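See below for the structure under consideration.
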Amino acid sequence: MPSQIMPSEPDLRSNRADEIAALEADARLREEIRLLGRILGDTVRDQEGVDVFDLVERIRQTSIRFHRDEDRVARRELELILDSMSTAETVRIVRAFSYFSHLANIAEDQNNIRQMRAQNSAGNVSTLTRTLAHAREAGISAGQLRRFFGTAQVSPVLTAHPTEVRRKSTIDREMEIAALLDRRERMHLTAEEFEASEEQLRRAVLTLWQTNLLRRTKLTVLDEVANGLSFYDYTFLHEVPRLHCALEDRLHAEDASDDTGAREELASFLRMGSWIGGDRDGNPFVTAEVMRGTLRLQATRVLRFYLEELHALGAELSLAAHLADVSGELRTLAEHSPDRSPHRSGEPYRLAVSGIYARLAATASRLDVETSRAPVGEAAPYTSAKQFKADLDILDRSLIANNSRVIARGRLRSLRRAADCFGFHLASLDIRQNSAVHERTVAELVDAAFPGTSYLALNEEGRIALLASELRSTRPLASSFVKYSEETLGELAVLREAAKAHATFGADVIPQCIISMCQGISDMLEVAVLLKEVGLVNPSGRSAINIVPLFETIEDLQASAAIMDRLLSLHDYRKLVDSRGAVQEVMLGYSDSNKDGGFVTSGWELYKAEIGLVEVFERHGVRLRLFHGRGGSVGRGGGPSYDAILAQPGGAVNGQIRITEQGEIISSKYSNAEVGRNNLEILAAATLEASLLQPKRSAPRREYLETMEQLSALAFKAYRNLVYETEGFTDYFWASTVITEISTLNIGSRPASRKKTRAIEDLRAIPWVFSWAQCRLMLPGWYGFGSAVEVWVFEHPDKGMPFLQELYREWPFFRTLLSNMDMVLAKSSIAIASRYAELVPDAELRERIFGRIRREWHSSIETLLDIMGHGRLLQGNPLLERSIRNRFPYLDPLNHVQVELLKEHRKELADGEVADEQVLRGIQLTINGISAGLRNSG
Numbered sequence: 002m003p004s005q006i007m008p009s010e011p012d013l014r015s016n017r018a019d020e021i022a023a024l025e026a027d028a029r030l031r032e033e034i035r036l037l038g039r040i041l042g043d044t045v046r047d048q049e050g051v052d053v054f055d056l057v058e059r060i061r062q063t064s065i066r067f068h069r070d071e072d073r074v075a076r077r078e079l080e081l082i083l084d085s086m087s088t089a090e091t092v093r094i095v096r097a098f099s100y101f102s103h104l105a106n107i108a109e110d111q112n113n114i115r116q117m118r119a120q121n122s123a124g125n126v127s128t129l130t131r132t133l134a135h136a137r138e139a140g141i142s143a144g145q146l147r148r149f150f151g152t153a154q155v156s157p158v159l160t161a162h163p164t165e166v167r168r169k170s171t172i173d174r175e176m177e178i179a180a181l182l183d184r185r186e187r188m189h190l191t192a193e194e195f196e197a198s199e200e201q202l203r204r205a206v207l208t209l210w211q212t213n214l215l216r217r218t219k220l221t222v223l224d225e226v227a228n229g230l231s232f233y234d235y236t237f238l239h240e241v242p243r244l245h246c247a248l249e250d251r252l253h254a255e256d257a258s259d260d261t262g263a264r265e266e267l268a269s270f271l272r273m274g275s276w277i278g279g280d281r282d283g284n285p286f287v288t289a290e291v292m293r294g295t296l297r298l299q300a301t302r303v304l305r306f307y308l309e310e311l312h313a314l315g316a317e318l319s320l321a322a323h324l325a326d327v328s329g330e331l332r333t334l335a336e337h338s339p340d341r342s343p344h345r346s347g348e349p350y351r352l353a354v355s356g357i358y359a360r361l362a363a364t365a366s367r368l369d370v371e372t373s374r375a376p377v378g379e380a381a382p383y384t385s386a387k388q389f390k391a392d393l394d395i396l397d398r399s400l401i402a403n404n405s406r407v408i409a410r411g412r413l414r415s416l417r418r419a420a421d422c423f424g425f426h427l428a429s430l431d432i433r434q435n436s437a438v439h440e441r442t443v444a445e446l447v448d449a450a451f452p453g454t455s456y457l458a459l460n461e462e463g464r465i466a467l468l469a470s471e472l473r474s475t476r477p478l479a480s481s482f483v484k485y486s487e488e489t490l491g492e493l494a495v496l497r498e499a500a501k502a503h504a505t506f507g508a509d510v511i512p513q514c515i516i517s518m519c520q521g522i523s524d525m526l527e528v529a530v531l532l533k534e535v536g537l538v539n540p541s542g543r544s545a546i547n548i549v550p551l552f553e554t555i556e557d558l559q560a561s562a563a564i565m566d567r568l569l570s571l572h573d574y575r576k577l578v579d580s581r582g583a584v585q586e587v588m589l590g591y592s593d594s595n596k597d598g599g600f601v602t603s604g605w606e607l608y609k610a611e612i613g614l615v616e617v618f619e620r621h622g623v624r625l626r627l628f629h630g631r632g633g634s635v636g637r638g639g640g641p642s643y644d645a646i647l648a649q650p651g652g653a654v655n656g657q658i659r660i661t662e663q664g665e666i667i668s669s670k671y672s673n674a675e676v677g678r679n680n681l682e683i684l685a686a687a688t689l690e691a692s693l694l695q696p697k698r699s700a701p702r703r704e705y706l707e708t709m710e711q712l713s714a715l716a717f718k719a720y721r722n723l724v725y726e727t728e729g730f731t732d733y734f735w736a737s738t739v740i741t742e743i744s745t746l747n748i749g750s751r752p753a754s755r756k757k758t759r760a761i762e763d764l765r766a767i768p769w770v771f772s773w774a775q776c777r778l779m780l781p782g783w784y785g786f787g788s789a790v791e792v793w794v795f796e797h798p799d800k801g802m803p804f805l806q807e808l809y810r811e812w813p814f815f816r817t818l819l820s821n822m823d824m825v826l827a828k829s830s831i832a833i834a835s836r837y838a839e840l841v842p843d844a845e846l847r848e849r850i851f852g853r854i855r856r857e858w859h860s861s862i863e864t865l866l867d868i869m870g871h872g873r874l875l876q877g878n879p880l881l882e883r884s885i886r887n888r889f890p891y892l893d894p895l896n897h898v899q900v901e902l903l904k905e906h907r908k909e910l911a912d913g914e915v916a917d918e919q920v921l922r923g924i925q926l927t928i929n930g931i932s933a934g935l936r937n938s939g
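Just add 1 to wherever you are in the sequence shown, counting from 1, and you've got this note's numbering.
Now the structure itself:
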């Protein structure tokens, strides 16, 4: 392996034992990367020939020289090699480097799991256990913690945002390889078993090589739903109950002396959410029918899981009536079972389980869910998941009352917890739509009901008055005698489907209606009026659903506190909030605010918005629940979840938090059960720590806030000047990135732009960030920071750099902001970005804009390192530093090939020729491989 992947210098670690452990882990990682690389190399040689294999090696070595030194000779040599290749050869080369990125990711994930296990074996406790210990040291009792979790809500919300470029078939093959590596790690294999294991790996890698990396057809919404549901099998259905049970045991152990407390069950605070199949913002393919299909798929997944678990439980609970006493209620449950088998006549638990199975199977039939195993007889379906859990609780109480607690703590305990966490709906589905659509829908309804009103011509106050009056009205606004537009009919159909879902599954099935681009009071009241039309809000002021504003742009974030202050002061709206337990959710958009104002200003305005919202909600006596719309990349709010939660201002978490999990981040966090459990624990631990262990008023010093305000204004000016005020920037962006070619990938059901224009304003944040990642500039994650710091230091010579260094040491928000920037800059490469700049045909435009970007890139790195007191990027994160260093030799060639293919593809189009499908496929493969190598690119 090249020198680039050697471990960091020993002086990075003060603790010698940690250093040795890290070096050993590095050695194991290199060993696995070599193993997989050797198997892939053999596969390429066998399948494509020695010439292709040798070409891969030449490109890799030349690319290393270019990346390391921006070597002009290496650059020319690389261009000559790439120019000499045929299109067919290029595609083979791209596949080789892409697959290596995928295999390196597998080895790295296994290494992380290995280190996690090693730490646990060495007595190092998990993040959640450590947080519980801190709580105990702070004098917080187990009873207080139980009460905290009784009202807490931690909710990861899966979305179908199109940043996961891998097919599910590819993910499945990669998981197979990971499982084989894991088995080699955990088991002591004989020589024969070891040899067989390597052959299995070779078979799996060959199968992966012969599996299409690219989707041939566009995903439907229900395809996205099915992909999202696979993570319930991998992780959530088992690990969410286990996390609750483990936490419950820890709390019981702490107050075992209190017999009452020791028997009290922990509330289920970890609730899964989803947008897949309910997010209509800009996605015309999410209809009422699709939403109905989504809920059916979710119900199918969870009911089949329950039925399989019940079948296994029935096999386990072979307790005989003459050997183990049972409670009266258990005996009654057994007597009502339709199971008449003489073989089970003396086994009351099995009879009871058979009866529960029969009722659940009848429930599945009622919900149009097909089951694979017929029940023993007919029974009445359950009307709710609570009824199902109540029957399971009878088994639990009987076992405990008759000295069989250890049996109750097995499969039955996990199943009871699962029933409480997932119900019959599996995950709460949010419905989301853009405020402009709601506005048009209400306008059409109002104008038809009150001719001459012209709702759209009303000012904000006029709209508020009209909508408040409609909320109190007992008559419907819509009429069956009026012919409405397709858009209005579609919106009403979705909301009616939501009302039906509430009747079928209960209120938890669709608990939130989210308003994208919420900009005023009327945006919220319009949704309330539409919900009243379908019965989810009634004229007396009760609501069966949370109405959630999503503040996305810089301007909207700045106005959010004032909007919510006015809204909570409105009597008619406040009644709706009170009917929801006096809890109001507010969603904050990280992606669009970043595209609008840049990374620094977005982060700062989000922080300020939270401070303002906390103050407003405290004044109104309403509990605030924040929903963070974070993406995978730093440019869309990504970064370590634990640090992000702890960096929130005081009072912003308060026991309740929802966070989106998007695209490739879902698979990286939740494909493996151990890793998934760890990530769920991190969310729970951070929520607990931010809520109970940080001072309520942990506001930073005023001069910190003033400095950040000044830095933000300077960074905002620099960012806006480049992106929105520089003539020709839009042309530069479309020419120097793969934004046009991304749209040819079948990675999602949603269009890339809100409107059919090239304007940056209309482009969705995901393709914006994804495009900059592909050309290795990562511009949305740092631009404006360097010049902002330089100007600030110049204007404040009395404070200068030492004061900014103090901010970094003392303020978690500033430290997290810079840490995320450190990560994104480490993945960037100005050398490679310069090659993408060459794609801009206008030489003057190219040099003018790329020159500015290059200067800002160097400035941002220099000022960042100065503030952090580091000598190089990622000095404080050696694990990630080594990870990036490992993959650059295989990632960089993909960029070089991508540039050459883009030149060829675009020349064909410019000359009016039919695009070569093989060239386009090569571009798509490079997008896939680069995304895999960067890991969080969208």
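All C-beta atoms, glycine included, are put in the ideal place defined by N, C-alpha and C. None of these values were measured; they are calculated from a predicted model.
Where residue i falls: helix, strand or coil (DSSP)
| i | result |
| --- | --- |
| residue 659 | strand |
| residue 630 | strand |
| residue 51 | helix |
| residue 514 | strand |
| residue 157 | strand |
| residue 603 | helix |
| residue 538 | strand |
| residue 523 | helix |
| residue 544 | strand |
| residue 501 | helix |
| residue 482 | coil |
| residue 790 | helix |
Residue i versus residue j - alpha carbon distance
| i | j | result |
| --- | --- | --- |
| residue 182 | residue 111 | 8 Å |
| residue 885 | residue 908 | 33 Å |
| residue 803 | residue 868 | 8 Å |
| residue 1 | residue 313 | In the structure as shown, the chain begins at 2 and stops at 939. Residue 1 is therefore absent and cannot be evaluated. |
| residue 50 | residue 824 | 38 Å |
| residue 835 | residue 370 | 55 Å |
| residue 119 | residue 561 | 46 Å |
| residue 801 | residue 793 | 8 Å |
Which residues DSSP lists as bridging residue i, in chain order
| i | result |
| --- | --- |
| residue 588 | 551 and 628 |
| residue 432 | 514 |
| residue 271 | 155 |
| residue 280 | 433 |
| residue 56 | None, per the DSSP bridge assignment. |
Distance between beta carbons of residue j and residue i, contact taken as under 8 Å
| i | j | result |
| --- | --- | --- |
| residue 537 | residue 499 | 7 Å |
| residue 832 | residue 67 | 6 Å |
| residue 531 | residue 496 | 6 Å |
| residue 712 | residue 610 | The pair is not a contact, with the Cβ atoms about 17 Å apart (cut-off 8 Å). |
| residue 746 | residue 854 | Actually they are not in contact, since the Cβ atoms of residue 746 and residue 854 sit about 25 Å apart, beyond 8 Å. |
| residue 657 | residue 154 | 5 Å |
Assigned exposure category for residue i - 16 Cβ within 10 Å defines buried
| i | result |
| --- | --- |
| residue 503 | buried |
| residue 188 | exposed |
| residue 919 | exposed |
| residue 480 | exposed |
| residue 460 | exposed |
| residue 484 | exposed |
| residue 270 | buried |
| residue 925 | buried |
| residue 739 | buried |
| residue 535 | buried |
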